[in-house]
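Engineer: Quick note on my numbering: the sequence shown kicks off at 1078 and runs consecutively.
Even glycine gets a Cβ: it sits at the ideal position worked out from N, Cα and C.
On a predicted model such as this, the values are computed, not experimentally measured, just so you know.
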Amino acid sequence: MNELPQPHQALIQFAGALAVALKARDAYTRFHSDRVMQLSLDLAVAMGLSGDELTLLETASALHDIGKLGIPDEVLLKAERLAEEEFAIMRAHSERGAQIVQALHMEGTDVVAKAILHHHECFDGTGYPHGLKGEEIPLMSRIITIADNYDAMATRRVYHEPRAHLEIMDVMLSETGHKHDPALFEVFVRQIDTSPHKVG
1078 MNELPQPHQA
1088 LIQFAGALAV
1098 ALKARDAYTR
1108 FHSDRVMQLS
1118 LDLAVAMGLS
1128 GDELTLLETA
1138 SALHDIGKLG
1148 IPDEVLLKAE
1158 RLAEEEFAIM
1168 RAHSERGAQI
1178 VQALHMEGTD
1188 VVAKAILHHH
1198 ECFDGTGYPH
1208 GLKGEEIPLM
1218 SRIITIADNY
1228 DAMATRRVYH
1238 EPRAHLEIMD
1248 VMLSETGHKH
1258 DPALFEVFVR
1268 QIDTSPHKVG
């Protein structure tokens, strides 16, 4: 007799398929998303999240950049810094990603789509797409923002070399209160020091 499906199992399976599609389009973004997922889960566990919250966060963080599937190659794969008009196109990926996930119409997609939509909001209200501030920003989005920022600085891109852990933490500390939730960052500081996902 087949086991009954776990809650959100169909969503997890679709998320895996979408991740494969993203890897085929842009390998960097796929592997970045994998690392952001691990960092997000580490932080969430340290905060005491469990059960469905972790499952939905795992899906949202793995798919946080899935909207890049809708970004033209000449922008997504450009081997240098983006011009202002190109950056405006790239910024649309959070809204596109939310639309992709919302279109699945499965249990949990509302939560996941909202987390993806707002992962570029800033704690002081200067982010995008809606300029949300403080706890107006969904908790999952605030977690993903920290993980996303850490990994982005830790990895080599055509326009910057990877940074060491201490340098990354100095930059993130300077951005806390502006970009990051101070309470979450305080947990991240304690947690990342013993994490297997900490860079050298």
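Helix or strand or just coil, what does DSSP make of Thr1271?
Structural biologist: Here Thr1271 sits in coil by DSSP.
Engineer: Which residues in the same chain have their Cβ closer than 7 Å to the Cβ of Gln1148, if we skip the five residues on either side of it in sequence?
Structural biologist: Inspection of the sequence shows that residue 1148 is occupied by Ile rather than by Gln. Same-chain partners within the cutoff: Ile1166, Met1167, His1170.
Engineer: Using the rule of at least 16 other Cβ atoms within 10 Å of the residue's Cβ for burial, across every protein chain shown, is Arg1233 buried or exposed?
Structural biologist: Classification of Arg1233: exposed, given that the 10 Å Cβ count is below 16.
Engineer: Taking C-alpha atoms, which residue in Leu1153, Ala1190, Ala1123 lies nearest to Ala1104?
Structural biologist: Selected option, being the one with the closest Cα: Leu1153.
Engineer: Would you call Glu1135 buried or exposed, if buried means 16 or more other Cβ atoms sit within 10 Å of its Cβ?
Structural biologist: Answer is buried; the Cβ neighbour count reaches 16.
Engineer: Tell me the DSSP bridge mates of Arg1173?
Structural biologist: Looking at the DSSP assignment, Arg1173 forms no beta bridge with any residue, so it has no partner.
Engineer: Quick one: is Glu1151 buried, meaning 16 or more other Cβ sit within 10 Å of its Cβ, or exposed?
Structural biologist: So Glu1151 ends up on the exposed side.
Engineer: Can you tell me where the alpha helix (DSSP H) holding Glu1163 begins and where it ends?
Structural biologist: It spans 1161 to 1168 - the alpha helix (DSSP H) in which Glu1163 sits, taken as one unbroken run.
Engineer: Measure how close the beta-carbons of Leu1099 and Lys1145 come, nearest whole angstrom, since I'm counting them as under 8 Å.
Structural biologist: With 8 Å as the limit, Leu1099 and Lys1145 qualify as a contact, their Cβ atoms being about 7 Å apart.
Engineer: According to DSSP, what are the bridge partners of Thr1253?
Structural biologist: Partner(s): His1257.
Engineer: What does the alpha-carbon distance come out to for the pair Asp1129 and Leu1140?
Structural biologist: Roughly 17 Å separates the two Cα atoms.
Engineer: From this set, Ala1121, Leu1118, Asp1119, Ala1092, which residue's C-alpha is nearest Arg1107's C-alpha?
Structural biologist: Of the candidates Ala1121, Leu1118, Asp1119, Ala1092, the one whose C-alpha sits nearest the C-alpha of Arg1107 is Ala1092.
Engineer: Kindly identify the DSSP beta-bridge partner or partners of His1196.
Structural biologist: Beta-bridge pairing links His1196 to no other residue.
Engineer: Would you kindly work out how many angstroms separate the C-alpha atoms of His1274 and Gly1208, rounded to a whole number?
Structural biologist: Spanning the two alpha carbons is a distance of roughly 30 Å.
Engineer: Between the alpha carbons of Val1122 and Leu1131, how many angstroms are there, rounded?
Structural biologist: Approximately 8 Å, taken between the alpha carbons.
Engineer: Report the rounded CA-to-CA distance for Cys1199 versus Lys1256, giving the unit in angstroms.
Structural biologist: Using only the alpha carbons, I get a separation of about 4 Å.
Engineer: At what residues does the alpha helix (DSSP H) containing Val1113 begin and finish?
Structural biologist: Segment 1104 to 1124, the alpha helix (DSSP H) holding Val1113.
Engineer: Could you work out which residue in Met1217, Pro1239, Pro1206, Thr1203 is closest to Asp1187 when comparing CA atoms only?
Structural biologist: Selected option, being the one with the closest Cα: Met1217.
Engineer: In the structure shown, what three-state DSSP assignment does Arg1233 receive?
Structural biologist: Three-state DSSP puts Arg1233 in coil, outside helix and strand.
Engineer: Using a Cβ-Cβ cutoff of less than 7 Å, which residues in the same chain neighbour Tyr1236 once the five nearest sequence positions on both sides are dropped?
Structural biologist: So the list reads Glu1157, Arg1158, once near-sequence residues are dropped.
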